[in-house]
Amino acid sequence: MLRINEQEFKLLRDFIENECGVMLGKEKAYLIENRLSKLAKDCGCNTFGEFYRKLSNSRRTDELRSLTVDAITTHETLWFRDQQPFKILEERLLPEYQKAIQQGKRADIKIWSAACATGQEPYSIAMTAMEFYLRTGCEEESCCRQMNILATDVSSAILAAAEAGRYDANAMTRGLPSESLNRYFKKEKNEWILNPEIRNMVTFRQLNLKDPIAGIIGPFDIIFLRNVIIYFSETFKKLLLNRVAGLLNPGGYLFLGAGETVGGYSEAFEILEYDGTIFYQIKT
Ligand SMILES: C[S@@+](CC[C@H](N)C(=O)[O-])C[C@H]1O[C@@H](n2cnc3c(N)ncnc32)[C@H](O)[C@@H]1O
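Our numbering numbers the first residue of the sequence shown as 442 and each following residue consecutively.
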């Protein structure tokens, strides 16, 4: 493993924050050593100083930059993470939207999973919708067409894994109820393959939350922006939460991760509570 000195750390830290918003405090120097040493060596660098020079001389579209972002970002996720957002979706939001669809007041439901990692979050949304449709006796196929789920992430390698919808035994033990496993997955050798009906409910796209997003995607009825703003600076959280507010339709909802809040960053949201869980609605 390569060792990083203070000067190299500062240069790489600033480069990474500028590239994808991820902020690394001094105590995270080991993360750069752990996650970027192999990449640095693979591209012929003997020090992080050389690696920084290579990176900063590369163009924005060069593969080295995306490999660096893939390696430095944390892709930890699981099925139905924190459970409550999916319960709120099924018990409160989907019935509300379904009623509006039946009354001819809306045509569809647009949901954005804004940092989807390996896909467990958007696919959990899709499975939740499918369960709701099955339970309410809605004609499954037409209901699924009314559900538009966009899933994005900065990491193209992680997105490719998400889009494939194939998971190993370790991923399958994390949060997935056995009924969902039996209903929506098929086992092939050492992998579980997601049923195409669920997979096709989600559209994947590479998107860096650091880049301008208005006019590129959206608007949405519900945004899942979970367990990603914790990695960003206070300044970027403010900017991003206000940008995200601009992508919500009137009355639209926002879910953050369990340890995250809009408090102190954006005035654009009302705080709602359901069964002890906080979520947000855009102010009218
Ligand atoms: C810890 S995972 C969270 C996954 C999922 N939302 C959840 O709650 O389980 C964080 C994800 O954010 C992505 N990410 C980090 N910085 C990003 C950025 N600037 N734009 C888009 N995605 C980003 C990472 O690639 C990673 O997949």
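From the three backbone atoms N, C-alpha and C, an ideal C-beta is built for every residue, glycine too.
The model shown is predicted, which means the values in this text are computed figures rather than measured ones.
Is it the case that the CB of residue i approaches a heavy atom of ligand 1 more closely than 7 Å?
| i | result |
| --- | --- |
| Gly560 | no |
| Ser596 | yes |
| Cys557 | yes |
| Gly545 | no |
| Val463 | yes |
| Ile639 | no |
| Val703 | no |
| Gly466 | no |
| Arg667 | yes |
| Glu517 | yes |
| Asn683 | no |
| Arg522 | yes |
| Gly698 | yes |
| Asn384 | The question about residue 384 has no answer here: the residues shown for the chain are numbered 442 through 725. |
| Ile599 | yes |
| Thr569 | no |
Please check the pair residue i and residue j, which I expect to be a contact at CB under 8 Å, by giving their CB distance rounded to whole angstroms.
| i | j | result |
| --- | --- | --- |
| Thr509 | Leu480 | 7 Å |
| Trp520 | Gly616 | 4 Å |
| Ile590 | Val643 | 5 Å |
| Leu688 | Gly659 | 4 Å |
| Arg667 | Glu562 | 7 Å |
| Ala555 | Phe665 | 6 Å |
| Tyr706 | Leu534 | Going by Cβ atoms, the distance from Tyr706 to Leu534 rounds to 23 Å, so no, they are not a contact pair. |
| Glu701 | Ile670 | 5 Å |
What first and last residue would you give for the alpha helix (DSSP H) that runs through residue i?
| i | result |
| --- | --- |
| Leu635 | Note, Leu635: premise wrong, no alpha helix (DSSP H); beta strand (DSSP E) at 632-635. |
| Ser507 | 504-513 |
| Val685 | 675-686 |
| Arg646 | Counting along the chain, Arg646 falls outside any alpha helix (DSSP H), though it belongs to the beta strand (DSSP E) covering 643-647. |
| Leu443 | Where Leu443 is concerned, there is no enclosing alpha helix (DSSP H), given that its DSSP letter is neither H nor E. |
| Pro653 | Premise fails: Pro653 is in no alpha helix (DSSP H) and is neither H nor E. |
| Met568 | 561-577 |
| Cys437 | Outside the displayed range of the chain (442 to 725) lies residue 437, so it cannot be described from this structure. |
| Lys479 | 470-483 |
Taking DSSP as the reference, what is the three-state secondary structure of residue i?
| i | result |
| --- | --- |
| Arg607 | strand |
| Asn623 | helix |
| Gly490 | helix |
| Ser554 | strand |
| Asn668 | coil |
| Lys724 | coil |
| Phe661 | strand |
| Glu517 | coil |
| Leu465 | coil |
| Lys495 | helix |
| Leu617 | coil |
| Lys540 | helix |
The beta strand (DSSP E) spanning residue i covers which residue range?
| i | result |
| --- | --- |
| Glu531 | Careful: Glu531 lies outside any beta strand (DSSP E) and carries neither H nor E. |
| Tyr706 | First-last for Tyr706: undefined, no H or E at that position. |
| Met429 | No information on residue 429 is available, as it lies outside the stretch 442 to 725 that the chain covers here. |
| Phe696 | 689-697 |
Near residue i, what residues of its chain come up, given a Cβ to Cβ distance below 6 Å and the 5 sequence neighbours on each side ignored?
| i | result |
| --- | --- |
| Ser478 | Met442, Leu443 |
| Gln647 | Ser597, Leu600 |
| Thr718 | Gln525 |
| Ile473 | Ile445, Leu453 |
| Asn690 | Pro660, Asp662 |
| Ser674 | Met464 |
Can you find the residues in the same chain that come closer than 7 Å, C-beta to C-beta, to residue i, ignoring five residues on each side of it along the sequence?
| i | result |
| --- | --- |
| Leu505 | Cys484, Lys495, Leu496, Ser499 |
| Tyr407 | For the chain, the structure presents residues 442 to 725; residue 407 sits outside this window and is missing. |
| Leu452 | Tyr493 |
| Arg476 | Ala512, Ile513 |
Between which residues of its own chain and residue i is the CB-CB distance below 8 Å, once the five residues before and five after are set aside?
| i | result |
| --- | --- |
| Phe527 | Phe521, Ser565, Ile566, Thr569 |
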